[in-house]
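A.B. asks:
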Amino acid sequence: MQALNTPAPGPLRLEPVTGDNFDAVCAIQVRPDQAHLVSPVVKSLAEAYVHTGTAWPRAIVDGDETVGFVMAFHDIVWDPAADPDDRRSGIWRLNIDARHQGKGYGRFAVQAATEEIRARGIHDVYVSWNTGANSPEPFYLGLGFRPTGELSGDQRVARLSLAPDLT
């Protein structure tokens with residue numbers, strides 16, 4: 023696996039979304055020029071509620087401040103019509119508040135979600151993104167994700183292969 027650089031260890035962490043942090047998580051807003059690329063956090067939380075068995079929503083917290091939101095998916099049937107045995111896990115959503123972008127929070131969140139997926143015995147992590155202006159494509163490519171040639175709706179699909187943890 024390519025190393026995913028993260029901010030220095032400290033108070034940076036992922037926390038479950040609860041009644042205590044719900045408002046702070048819902049207040050996360052990406053830059054206006056990115057809003058067409060990612061759904062608002064409140065939609066993600068609704069999807070997590072509907073897909074409780076597969077969604078893994080988390081607040082990205084630095085000290086006492088909620089700086090972003092990440093939601094992974096675990097063990098979904100990717101395309102039941104094409105291959106009902108193709109089960110995948112990956113990054114479903116990533117929203118870093120506009121005031122906190124460029125500080126390593128997204129990189130940290132992807133690494134933490136990837137480690138959660140690895141802990142579940144999965145060795146490939148998937149993500150998809152919208153292409154075009156302000157696309158997160160360079161971000162994900164920089165983390166080692168490689169396009170699979172597939173589309174999910176109109177989003178490009180990519181995979182990060184994880185080497186088995188031998189420790």
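In short: position in the sequence shown from 1, add 22, done, that's the numbering used here.
Using N, Cα and C, we set each Cβ at its ideal position, and we do this for glycine too.
#1: Could you tell me the alpha carbon to alpha carbon distance between Asn152 and Ser183, rounded to whole angstroms?
#2: Taking the C-alpha atoms as reference points, what is the distance between Ile157 and Ala70?
#3: How would you call Ala135, buried or exposed, if buried means at least 16 neighbouring beta carbons within 10 angstroms?
#4: Let's test the definition: count the other Cβ atoms within 10 Å of the Cβ of His58 and tell me whether it reaches 16, buried, or not, exposed.
#5: For Pro33, which residues from the same chain have a beta carbon less than 7 Å from its beta carbon, with the 5 sequence-adjacent residues on both sides left out?
#6: Measuring only the C-alpha atoms, how far is Ile98 from Thr170?
#7: Quick one: what's Leu116 bridged to in DSSP?
#8: Can you check DSSP and say which residues form a bridge with Gln177?
#9: Could you give the C-beta distance for Ile82 and Tyr148, rounded to a whole number, given that I count them as a contact under 8 Å?
#10: Nearest CA to the CA of Gly143: which residue from Leu163, Leu173 and Arg109?
#11: Excluding five sequence neighbours on each side, which residues of the same chain lie with their C-beta closer than 8 Å to the C-beta of Ala180?
#12: Under the DSSP definition of a beta bridge, which residues are partnered with Arg110?
#13: Let me check understanding here. Comparing Cα to Cα, which of Ala104, Ile118, Thr88 and Ile113 lies closest to Gly94?
#14: Can you check DSSP and say which residues form a bridge with Leu34?
#15: Apply the 10 Å Cβ neighbour rule to Thr88 and answer buried if 16 or more other Cβ atoms are within range, or exposed otherwise.
#16: What's the C-alpha gap between Pro38 and Arg121?
C.D. replies: From the atom records:
#1: Here residue 152 is taken as the residue at index 130 of the sequence shown, counted from 1. Here residue 183 is taken as the residue at index 161 of the sequence shown, counted from 1. About 21 Å.
#2: If you number the sequence shown from 1, residue 157 lands on position 135. If you number the sequence shown from 1, residue 70 lands on position 48. It should be noted that the sequence gives Ser, not Ile, for residue 157. Using only the alpha carbons, I get a separation of about 24 Å.
#3: By one-based count along the sequence shown, residue 135 stands at place 113. When all chains shown are included, Ala135 counts as buried.
#4: As a position in the sequence shown, residue 58 is number 36, starting the count at 1. Exposed.
#5: On the sequence shown, residue 33 is found 11 positions in, with the first residue counted as 1. Correct list, in chain order: Asp84 and Gly85.
#6: Walking along the sequence shown from the start, residue 98 turns up at place 76. Walking along the sequence shown from the start, residue 170 turns up at place 148. Cα-Cα distance, rounded: 17 Å.
#7: Within the sequence shown, the letter at position 94 stands for residue 116. DSSP, once it has assigned bridges, lists Val92 as partnering Leu116.
#8: Residue numbering aside, residue 177 sits at position 155 when the sequence shown is read from its first letter. Gln177 pairs with Ser174.
#9: The count along the sequence shown starts at 1 and reaches residue 82 at position 60. The count along the sequence shown starts at 1 and reaches residue 148 at position 126. With a Cβ gap of about 20 Å, Ile82 and Tyr148 do not count as contacting.
#10: Mapped onto the sequence shown, residue 143 falls at position 121. Comparing Cα-Cα distances from Gly143 to each of Leu163, Leu173 and Arg109, the minimum goes to Arg109.
#11: The residue given as residue 180 occupies position 158 in the sequence shown. So the qualifying residues of the chain are Tyr148, Val149, Ser150, Trp151, Tyr162, Leu163, Phe167, Arg168, Pro169 and Thr170.
#12: The sequence position of residue 110 within the sequence shown is 88, counting from 1. Answer by DSSP bridge pairing, in chain order: Ile98.
#13: In the sequence shown, the residue the question calls residue 94 occupies position 72. Correcting the residue type first, residue 94 is Ala in the shown sequence and not Gly. Among Ala104, Ile118, Thr88 and Ile113, the Cα nearest to that of Ala94 belongs to Ile113.
#14: By one-based count along the sequence shown, residue 34 stands at place 12. DSSP, once it has assigned bridges, lists Asp84 as partnering Leu34.
#15: The count along the sequence shown starts at 1 and reaches residue 88 at position 66. Buried, because 16 or more other Cβ atoms sit within 10 Å of the Cβ of Thr88.
#16: For this step, residue 38 is matched to residue 16 along the sequence shown. For this step, residue 121 is matched to residue 99 along the sequence shown. Between Pro38 and Arg121, the C-alpha separation is close to 22 Å.
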